[in-house]
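Quick note, this note's numbering runs 7 ahead of the 1-based positions in the sequence shown.
Think of the CB as a built atom: it goes at the ideal place given N, C-alpha and C, for glycine as much as any other residue.
All values derive from a computational prediction rather than experimental measurement.
Here is the structure we will look at, set down as structure tokens.
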Amino acid sequence: MPPISPNVTLHGAEPGRLELGLYALTLAMATGPLDRLIQEKVATDPQRAAVWALVYLGFGISILRRPRLLGEALADAWPLFGLPLLAILSASWSANPHQTIVGALEMTAAAIFGTVIGRRLPEGRLLTMVVAVLGVLTVADWWMIAAGPGAFDINGNAVGLFSHKNMHGQTMAMACLAALATLVWGRHKLPALLGLLLAAPLLALSGSTTSWIVTAAAGTIIMSFGFHRLSPPTRLATAMLAVAVLCTTALIWLAQPIDLEQDFLRATGKDPTLTGRTVLWDLARHYIRQAPVLGCGFNGFWTKDITSDSAFVDGVMGDDLPHFHNGYLEMAVELGWTGTLIEVATILAFLRPIRRLIQFGDPAAAAFAGALLTVVAVGNLSEVVLFVRHGFHLILIGALWSRAGLLSQVAVASTGGTVTGNSMTSLGRPARPLARSQGFRRNPSGEER
């Protein structure tokens, strides 16, 4: 393979154990496992802050050792930073500027962490790390549940290691999807199978309907990534079977007095307001109308002030809420419709890195990226998933985005021009190998090839 262009660098040797440990710690902390321990008075906020300080220090040292690393990582995933930039600027009009700037910087840091990880860690190893980290958290989660009834909320839903059933469900959903992508498309099938068998029951116990729906949708995406590899007759038969199932379902629906909405609500134990979400969304629309263009400032709505608008919302809903349970409306409240449009554009722009991963990357990582896009786009309808402080999904998207950009640069440098889709033969299988999923080859002198 021709040498990589001088403008496409891999920044030295493969990550060592200390660096890999930093990345694993970052992913683990982003899921929020210490939140529950803080609620139970086992850990404290200063202890959590100290762990994050170590993470920041580790990334700071890594960036200082490789001065070009940050610039190249940001260049690969620059669309991801449009909304963090707006969030930082929103401190100038926020009613709570200190809270806004802290939240905006923590969100920006998560995006930077992700892009740096993607620049340093091959996508196949990244997925393996995600499976391993979430697997460890899953085992710890089972231990918490086995320890006593304190791992369940008042409604009998498992929260385990996490602060809320929805956080629990989100984490177990990602554990299931990472394991499924590895099981279907990856190499380490036995650990993936064990991870899936451990995480799936916890996902069910969480009682998080949103996580169930998201997992089903994203799991379908993972399975469908190989559809184009089937023979034409098999593709036709599969498509005809899908159409037949849809038509049969529609005929049964029309012929029988079935209320799908009510049946779904009964099956999932929800009321017509979706556990109060529709009321909450109406309140969100009210506050959006007060500042429709730029909002009230990122992370600036929810405060502990008893005279604030958030206190009024908490009083109406009878609960201490963290957000409006809809990422798009939440962003519209905080950064106006401008923020929501940027968020939607960012999610759609992630399709391009996914395409690059399909062309040049590890098949399992490409399938997982497609599932991650589904989790963010669909999950954001009921939760706030992507642009949050130290966000787990944000770190993963940043890593995959950055890695996809690097793989594309390597492909172009290797072929001496623009690489088109015609150079690919199948999912993640280039017509001629451009890169290994576990890292690029080097000649004996250390030059990347």
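Inter-residue Cα distance where the pair is G322 and L290
12 angstroms
With 16 as the cutoff for other CB atoms within 10 Å, does A406 come out buried or exposed?
buried
Report, in whole angstroms, the separation of the C-beta atoms of L301 and G343, which I expect to be a contact under 8 angstroms.
4 angstroms
Are the beta-carbon atoms of L168 and P40 separated by less than 7 angstroms?
yes
Tell me where the alpha helix (DSSP H) around D316 begins and ends.
D316 to M324
Can you tell me whether V166 is buried or exposed? The criterion is at least 16 other CB atoms within 10 Å of its CB, across all chains shown.
buried
Boundaries (first-last residue) of the alpha helix (DSSP H) holding H332:
No alpha helix (DSSP H) contains H332, which DSSP labels as neither H nor E.
Cutoff 6 angstroms; reference S315; Cβ partners in own chain excluding five residues on either side:
none
Less than 8 angstroms between the CB atoms is what I'm expecting for G412 and D83, so what's the real figure, rounded?
3 angstroms
Report the partner residues of A165 according to the DSSP bridge assignment.
F159
According to DSSP, is N103 part of a helix, a strand, or is it coil?
coil
Is DSSP giving H171 helix, strand or coil here?
coil
Output the distance between the C-alpha atoms of K196 and T189, rounded to the nearest integer angstrom.
6 angstroms
8 angstroms Cβ shell around V1 - same chain, five flanking residues per side excluded:
Because the chain spans 8 through 456 in this model, residue 1 falls outside it and cannot be assessed.
Does the count of Cβ pairs from the region 56–73 and the region 119–132 closer than 8 angstroms reach three?
yes
Taking only runs of the alpha helix (DSSP H) that begin and end inside the region 23–67, which ones reach a length of at least 4 residues, in chain order?
24–37 and 40–46
Going by DSSP, what residue range makes up the alpha helix (DSSP H) through V140?
E130 to A154
What are the start and end residues of each continuous alpha helix (DSSP H) run of 4 or more residues lying completely inside the region 169–254, in chain order?
172–192, 196–212 and 216–231
Counting beta carbon pairs with one atom in the region 144–151 and one in the region 96–113, are three or more of them shorter than 8 angstroms?
no
Kindly indicate which residue of V143, S215 and A373 has the alpha-carbon position closest to the one of W192.
A373
Proximity of F305 and G67 at Cβ, strictly below 7 angstroms
no
Could you tell me if F319 is buried or exposed, where buried requires 16 or more neighbouring beta carbons within 10 angstroms of its beta carbon?
exposed
Taking the C-alpha atoms as reference points, what is the distance between E455 and R410?
Note that E455 has pLDDT 39, beneath the 50 cutoff, so the model's placement of it is unreliable and the number below is only indicative. Approximately 16 angstroms, taken between the alpha carbons.
Alpha carbon to alpha carbon, how far is T245 from S238? Give it in angstroms, no decimals.
11 angstroms
Leaving aside the five residues before and after G163 along the sequence, list all residues of the same chain whose C-beta is less than 8 angstroms from its C-beta, in chain order.
G214
Out of L388, S218, V143 and P156, state which residue places its alpha-carbon closest to the alpha-carbon of A180.
S218
Within 7 angstroms, strictly: CB atoms of F399 and T38:
yes
Grouping DSSP H, G and I as helix and E and B as strand, with all else coil, what is T310?
coil
Can you give me the C-alpha to C-alpha distance between H105 and G307, rounded to a whole angstrom?
9 angstroms
Would you mind working out which of T51, R43, F88 and L27 sits nearest G65, comparing C-alpha positions?
L27
For T107, I'd like the list of residues in its chain whose CB is within less than 7 angstroms of its CB, leaving aside the five on either flank, ordered along the chain.
S97, A98, S101, G304, F305, N306 and G307
So for P360, helix, strand or coil by DSSP?
helix
Flag this pair as yes or no: are the beta carbons of T347 and I228 separated by less than 7 angstroms?
no
Simplified DSSP state of L380, which is helix, strand or coil:
helix
Secondary structure of V109, DSSP reduced to three states:
helix
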